[in-house]
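Novice: Let me give you the structure first, and then I'll get to my questions.
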Amino acid sequence: MSLLFAPGERPRAAAVRALAQASGQFVVSLDTSEDGGQEEGWLELLANGLTFDVTGLAPQPPIEVPVSVHSFGMAPGKDIARFQAVMIEPGPHLAAGGAMFPVVRTMAMIAAHLAQLEGVQAVAWHPARAVSEADYFRRSVLRWIEGGAFPGLGLTALVPTSAGGLQSEGLALFTGQELRLRADVAADRAEGAKIALRLLSWLVEHGRITESFSFTGPAGETLLLEPVDNFGIVEVWRGSH
């Protein structure tokens, strides 16, 4: 994922060190610029026993801004392409487990705290191709970390399907599956989104689905869930099959 800044506003390593000390939620475990060393634009962060690399810090060149097709909480007309990016990703020893739930959850937590850095305009969550206003991202992710609902609009996104339904983008990072609502569930887009967000939160909490079962929707309705497409999709519909 990436933190997005206006040109010339990316932080240096010292700003990240100061935030780490103030938050107490992560530590800087490796910093070549500490004690007068050369600033290489890179840090290693440690949280929950896991390490993450931060790259693109000033004064070194920024990281390329990722492609984003979904936006949440962003002011209309804000041009993402003009921003500069600082990227956070799992450290090399976590490469094989980069999609493991504890790794992804910890990375989201670190990103939420780093979103408090001065000058952060937005946070890009790459697996969902989503960009969120910095404070929106911080508040929604920290609510989840503290026991609240999963931030389905930010860490995932909802996309209309050609059949009139809705499908998630980015859920597979957490569960290995995407969610797809049939047209009968998503005919009312607002109601469909409400159902999808509730299911996203439940699926992230409970993990991969391997057999069909029923679920009670927000209005007390019965929804049926079934893993399809070699278990890569969890399909949702009303009533009997």
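For the sequence shown, the numbering used here gives the first residue as 149, with consecutive numbering after it.
Every residue, glycine too, gets a C-beta built ideally from N, C-alpha and C.
#1: Under 8 Å between the Cβ atoms of R392 and P207?
#2: Taking the alpha-carbon of W273 as reference, which of D377, P299, E266 has the nearest alpha-carbon?
#3: If distances are taken between C-alpha atoms only, which option among E339, G365, V268, A344 comes closest to E317?
#4: In the DSSP assignment, the alpha helix (DSSP H) including M257 goes from what residue to what residue?
#5: For the putative contact between A233 and L152, defined by C-beta atoms under 8 Å, what is the C-beta separation to the nearest angstrom?
#6: On the criterion of 16 or more Cβ atoms from any shown chain inside 10 Å, does T304 qualify as buried, or is it exposed?
#7: Let me know the secondary structure DSSP gives I236 once reduced to three states.
#8: When you compare only the Cα positions, how much space is there between P250 and G267?
#9: In three-state DSSP terms, what is F231?
#10: Applying the criterion that 16 or more other CB atoms from any shown protein chain within 10 Å of the CB defines a buried residue, is E326 buried or exposed?
#11: DSSP state of S181, grouped into three classes?
Specialist: Let me lay it out:
#1: This structure cannot speak to residue 392, because the chain is shown only from 149 to 389.
#2: To locate residue 273, count along the sequence shown from 1; it is residue 125. Of the candidates D377, P299, E266, the one whose C-alpha sits nearest the C-alpha of W273 is P299.
#3: As a working mapping, residue 317 is identified with position 169 in the sequence shown. Looking at the Cα atoms, A344 is the closest of the given residues.
#4: Position 109 of the sequence shown, counted from the start, is the residue given in the question as residue 257. Bounds of the alpha helix (DSSP H) holding M257 are 249-262.
#5: Residue mapping note: residue 233 aligns to position 85 of the sequence shown, counting from 1. Residue mapping note: residue 152 aligns to position 4 of the sequence shown, counting from 1. Yes, they are in contact, since the Cβ atoms of A233 and L152 sit about 6 Å apart, within 8 Å.
#6: Counted from its first residue, the sequence shown places residue 304 at position 156. By the neighbour-count rule (16 or more Cβ atoms within 10 Å), T304 is buried.
#7: Position 88 of the sequence shown, counted from the first residue, corresponds to residue 236. I236 falls in the strand class under three-state DSSP.
#8: Locating residue 250 in the sequence shown gives position 102, counting from the first residue. Locating residue 267 in the sequence shown gives position 119, counting from the first residue. Approximately 28 Å, taken between the alpha carbons.
#9: Counted from its first residue, the sequence shown places residue 231 at position 83. Three-state result, F231: coil.
#10: One-based indexing of the sequence shown puts residue 326 at position 178. With 16 or more other Cβ atoms within 10 Å, it is buried.
#11: Position 33 of the sequence shown holds residue 181. DSSP places S181 in coil when its eight states are reduced to three.
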